[in-house]
Amino acid sequence: MDAIILQILNGLDKGSAYALIALGLTLIFGTLGVVNFAHGALFMIGAFCAVTLSKILNLSFETIDPTKTDFLGNPLKVKTPYVMEWFGPETGAAIIDWAVPLAILFSIPIMIAVGFIMERGLIKHFYKRAHADQILVTFGLAIVLQEVVKYFFGANPIPTGAPDAFKGSFDFGVLLGYDPNVIIYPYWRMVYFFFAALVIGGVFAFLQFTTFGMVVRAGMADRETVGLLGINIDKRFTIMFGIAAAVAGIAGVMYAPINSPNYHMGMDFLVLSFVVVVVGGMGSLPGAVLAGFLLGILESFASMNQIKSLIPGIDQIIIYVVAIIILLTRPRGLMGRKGVMEE
Amino acid sequence: MSKTTMTRRGVLKTGAVAGAGVALPTIFTASSAAAYTNEPTGSSVTLGFNVPQTGPYADEGADELRAYELAVEHLNGGGDGGMMNTFSSKALSGNGILGKKVEFVTGDTQTKSDAARASAKSMIEKDGAVMITGGSSSGVAIAVQGLCQEAGVIFMAGLTHSNDTTGKDKKANGFRHFFNGYMSGAALAPVLKNLYGTDRNAYHLTADYTWGWTQEESIAAATEAMGWKTVNKVRTPLAATDFSSYIAPVLNSGADVLVLNHYGGNMVNSLTNAVQFGLRDKVVNGKNFEIVVPLYSRLMAKGAGENVKGIHGSTNWHWSLQDDASKAFVKSFGTKYGFPPSQAAHTVYCQTLLYADACERAGTFNPCGVVEALEGFEFDGLGNGPTLYRAEDHQCFKDVLVVRGKENPTSEFDLLEVVEVTPAAQVTYAPDHPMFAGGNLGTCNPGA
Chain A
1 MDAIILQILN GLDKGSAYAL IALGLTLIFG TLGVVNFAHG ALFMIGAFCA VTLSKILNLS
61 FETIDPTKTD FLGNPLKVKT PYVMEWFGPE TGAAIIDWAV PLAILFSIPI MIAVGFIMER
121 GLIKHFYKRA HADQILVTFG LAIVLQEVVK YFFGANPIPT GAPDAFKGSF DFGVLLGYDP
181 NVIIYPYWRM VYFFFAALVI GGVFAFLQFT TFGMVVRAGM ADRETVGLLG INIDKRFTIM
241 FGIAAAVAGI AGVMYAPINS PNYHMGMDFL VLSFVVVVVG GMGSLPGAVL AGFLLGILES
301 FASMNQIKSL IPGIDQIIIY VVAIIILLTR PRGLMGRKGV MEE
Chain B
1001 MSKTTMTRRG VLKTGAVAGA GVALPTIFTA SSAAAYTNEP TGSSVTLGFN VPQTGPYADE
1061 GADELRAYEL AVEHLNGGGD GGMMNTFSSK ALSGNGILGK KVEFVTGDTQ TKSDAARASA
1121 KSMIEKDGAV MITGGSSSGV AIAVQGLCQE AGVIFMAGLT HSNDTTGKDK KANGFRHFFN
1181 GYMSGAALAP VLKNLYGTDR NAYHLTADYT WGWTQEESIA AATEAMGWKT VNKVRTPLAA
1241 TDFSSYIAPV LNSGADVLVL NHYGGNMVNS LTNAVQFGLR DKVVNGKNFE IVVPLYSRLM
1301 AKGAGENVKG IHGSTNWHWS LQDDASKAFV KSFGTKYGFP PSQAAHTVYC QTLLYADACE
1361 RAGTFNPCGV VEALEGFEFD GLGNGPTLYR AEDHQCFKDV LVVRGKENPT SEFDLLEVVE
1421 VTPAAQVTYA PDHPMFAGGN LGTCNPGA
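Each protein sequence line maps, in turn, to chains A and B. Per our numbering: the first sequence = residues 1 to 343. Per our numbering: the second sequence = residues 1001 to 1448.
As structure tokens, then:
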């Protein structure tokens, strides 16, 4: 039982990331009808916003410490971050420590801008083309973005820590009456789960309770009629692209402390997120979220030793096996509607 | 009007005769002009550097390439000569190899066996490389070593740590300077015994491919021999990025030591996850929980950040060593590039000098001559103390370093500290040791 609770908890944070990416994918697909294979790259760029802000906050000036030497025997250059100089050592250190949460603010305008440029500059020209063309061009774009990031940041993962206050793990087991250390869960992963829930709730509330959201929903249901009413639906859809990019971006920012960001992290998530979208039902936002958590938890279960010893290698294929079963029994996915991608 | 009748047999016969006719001249020219594959005939000799320039190990590959370029510069008489000045063999004089200027071509292995074979093949067939060297993965090294054996060129392995490279997959044309999984286990075990005692329960997480398996086997054998129990061995997919679902059950298993048989991005992520779960702050069975990373690399320590502090592992070489050779290498590399070299850079630099020196001593580039010169070759002055290239398996035997993540680094390069230099004798094993059995070195192949 304890092992099951442990793996459910474990699946939650990965499921959160899948759900956030799949949510953005579905938003773009539902509004613009574009299958965006560059969405994983947006997640990766978000994570690198955290890396960049952390690097900016760590920008330092050098002073020479004649008492020590560097690896070549020259006097050692000691680096002091400007932030520490300006705000004092303690406040400066606290600002650097909180780089990741601060990066959310830093990343939102960047991600919206990146999303806007991507949509206006490239994807716009592929609205009327076949889905295969859209997949090819966005996949190419993803590779380009990935290589650009590698050029500037290198191929190795870059450690980007959570604030000290969130280091270590919480002992859930004790809460549920188990022995200590049986069910532990890192604080930052809990933060990530609640953060994801908040963002998902925010996006749903935005679409449900604002006039803008209402128009977008109407446009998703019947684009032509909304256009005939004199509403510039294209502009609103472009804004939705920006919002979807920002959702992927902040999902990436907050993920940075969980796994050190590297240039191909977007691709690692992209394929699975697509499976999530398909399982959830193309164009269904609640379906994407539900499937995200479901597959995250299943993946976690499949990596349990007891299950791996029964079926070796199951941890690598479980998601696809489940996807096949669901699509065989419910061809439109868990919450898919009739008529989506079925012309 | 004439009518030509074509029969199936007729076509086959004509084809066979025509084929033989086309092949005949090349058969003669090949055997008459060259005694071995890619014999250099002009004033230069071409070496092939096959490293990961893209993919997850690209940073290691880039550092290897820097070291190769430095070695070529030194062989051609440029720079300050680096470890050529400290090398015990004095056959190299800075005028290339056997009087021929050293040139090089590079290939991208992408850390994929098929891509690595393709780039090695292209360097041999198109660019005329007489020797191939490089690799940052055992899977790749074993694949390329096999190819070089068939093609009749020498393979000087780069960073490859699997026992199999000089064990069951050893080849007469292949040589490894880097240490291996068995040596890591033999070097680490006594240090771990002193630090953590003999009553420990170890839990292994292992990358699921040749290197991971042999390292897991080696470390488990070495620690079990001193009284530790192995609680569990879990294989993780090489493509895994989040290890939380593998780490979470560790504490509940009764284990009090976690051994991470991971490398590269895997190691960075699994260690980061383990520290996130707070494993190092836990007390299990009345003892502090410990993590061991048997194969350490500074580039990876950098990726894992402060998570490496206090964690033990082994390494082939480290820039902070204070012998003359290491100092000379760090000086010439550091002056040229502005930062100290990694262990990957060190091993490939050594391999290039060792190959060049063997050619000089043999008086030929012929792979069979080079093999003869390297087999049983004893040398010093390359940063690892007295070293033997053993004839039976083409593995170097030298001291192994046990290192620890530094608690208070003074610079961004100062991440590891050397805890112990384990003497070569302690990590030496018999050529027919069970972990290395099953292979056959075969005989050298000069190709052509």
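All C-beta atoms in this analysis are idealised placements derived from N, C-alpha and C, irrespective of residue type, glycine included. Every value quoted in this text rests on a predicted model; they were computed, and no experiment measured them.
What span of residues does the beta strand (DSSP E) with residue i cover, start to end?
i, result
"Ala1207 (chain B)", "Asn1201 to Ala1207"
"Leu1159 (chain B)", "Per DSSP, Leu1159 (chain B) belongs to no beta strand (DSSP E) and is neither H nor E."
"Phe1175 (chain B)", "Gly1174 to Arg1176"
"Pro1367 (chain B)", "That residue, Pro1367 (chain B), is in no beta strand (DSSP E); its alpha helix (DSSP H) goes Pro1367 to Leu1374."
"Phe61 (chain A)", "Ser60 to Thr69"
"His1312 (chain B)", "His1312 to Thr1315"
"Tyr185 (chain A)", "Ile184 to Pro186"
"Val1293 (chain B)", "Glu1290 to Leu1295"
"Leu1416 (chain B)", "Leu1416 to Thr1422"
Output, in chain order, the set of chain A residues within a Cβ distance shorter than 8 Å of residue i.
i, result
"Pro1249 (chain B)", "Ala3, Leu6, Met304 and Asn305"
"Asn1232 (chain B)", "Asn305"
"Leu1299 (chain B)", "Asn156"
"Gly1265 (chain B)", "Asn156, Pro157 and Asn262"
For my contact list, residue i and residue j are in at a C-beta cut-off of 8 Å; report their separation, rounded to the angstrom.
i, j, result
"Ser1138 (chain B)", "Trp1211 (chain B)", "4 Å"
"Gly24 (chain A)", "Ala248 (chain A)", "5 Å"
"Leu270 (chain A)", "Phe48 (chain A)", "At roughly 16 Å, the Cβ-Cβ gap does not stay under 8 Å, so Leu270 (chain A) and Phe48 (chain A) are not in contact."
"Ile1291 (chain B)", "Arg1298 (chain B)", "With a Cβ gap of about 18 Å, Ile1291 (chain B) and Arg1298 (chain B) do not count as contacting."
"Phe1049 (chain B)", "Gly1134 (chain B)", "5 Å"
"Pro163 (chain A)", "Trp86 (chain A)", "Incorrect: roughly 20 Å between the Cβ atoms, too far for contact."
"Tyr255 (chain A)", "Tyr192 (chain A)", "7 Å"
Return helix, strand or coil for residue i, following the three-state DSSP convention.
i, result
"Gln1149 (chain B)", "helix"
"Pro1434 (chain B)", "helix"
"Lys79 (chain A)", "strand"
"Glu1392 (chain B)", "coil"
"Leu1238 (chain B)", "coil"
"Arg1404 (chain B)", "strand"
"Lys1112 (chain B)", "coil"
"Thr91 (chain A)", "helix"
"Ser1137 (chain B)", "coil"
"His1449 (chain B)", "With chain B represented from 1001 up to 1448, any question about residue 1449 (chain B) goes unanswered, as that position is not in the structure."
"Gly1181 (chain B)", "helix"
"Leu42 (chain A)", "helix"
"Glu1360 (chain B)", "helix"
"Thr211 (chain A)", "helix"
"Asn1232 (chain B)", "strand"
"Val1308 (chain B)", "helix"
"Asn1440 (chain B)", "coil"
"Ile1132 (chain B)", "strand"
"Lys14 (chain A)", "helix"
"Asp1270 (chain B)", "Rather than Asp, the amino acid found at residue 1270 (chain B) in this sequence is Ser. Ser1270 (chain B) falls in the helix class under three-state DSSP."
"Thr31 (chain A)", "helix"
"Thr1428 (chain B)", "coil"
For the alpha helix (DSSP H) that residue i lies in, which residues bound it at each end?
i, result
"Ile117 (chain A)", "Ala99 to Gly121"
"Gly240 (chain A)", "Residue 240 (chain A) is actually Met in this sequence, not Gly. Its alpha helix (DSSP H) spans residues Ile233 to Tyr255."
"Leu229 (chain A)", "Leu229 (chain A) -> no alpha helix (DSSP H), and no H or E assigned at all."
Mind pulling the chain A residues with CB within less than 7 Å of residue i?
i, result
"Asp1059 (chain B)", "Gly154, Ala155 and Asn156"
"Lys1282 (chain B)", "Asn181"
Any beta carbon of chain D sitting closer than 9 Å to that of residue i?
i, result
"Thr1046 (chain B)", "The structure shown has no chain D; the protein chains it does contain are A and B."
Determine the chain B residues that contact residue i at a beta-carbon separation under 7 Å, and present them in chain order.
i, result
"Phe71 (chain A)", "Trp1319, Val1330, Gly1334, Pro1340 and Phe1413"
"Ile184 (chain A)", "Leu1251, Phe1277 and Gly1278"
"Asn259 (chain A)", "Thr1241, Asp1242, Asn1269 and Thr1272"
"Ser300 (chain A)", "Ser1245"
"Asp268 (chain A)", "Thr1241"
Give the interface partners of residue i over in chain B, defined as CB-CB distance under 8 Å, in chain order.
i, result
"Trp86 (chain A)", "In chain order: nothing, as chain B lies at least about 22 Å away."
"Ser169 (chain A)", "Gln1276, Phe1277 and Gly1278"
"Asn10 (chain A)", "Ser1244, Ser1245 and Ala1248"
"Trp188 (chain A)", "Gln1276"
For a contact defined as C-beta to C-beta under 9 Å, what are the partners of residue i on chain A?
i, result
"Ala1304 (chain B)", "Pro157, Pro159 and Ser260"
Which residues of chain B have a Cβ atom closer than 9 Å to the Cβ of residue i, listed in chain order?
i, result
"Leu76 (chain A)", "Thr1410 and Ser1411"
"Met265 (chain A)", "Thr1241"
"Lys14 (chain A)", "Asp1242, Ser1244 and Ser1245"
"Gln316 (chain A)", "Pro1237, Ala1239 and Ala1240"
**Study point:** Every unbroken alpha helix (DSSP H) inside the segment 265 to 340 of chain A [4 residues or more]
**Key:** Within the segment 265 to 340 of chain A, the complete alpha helix (DSSP H) runs of at least 4 residues are 265 to 280, 285 to 302, 305 to 310 and 314 to 329.
Exercise for review: Within the segment 145 to 187 of chain A, note down every full alpha helix (DSSP H) run reaching 4 residues or more, in order along the chain.
Suggested key: List check, alpha helix (DSSP H) in window: 172 to 175.
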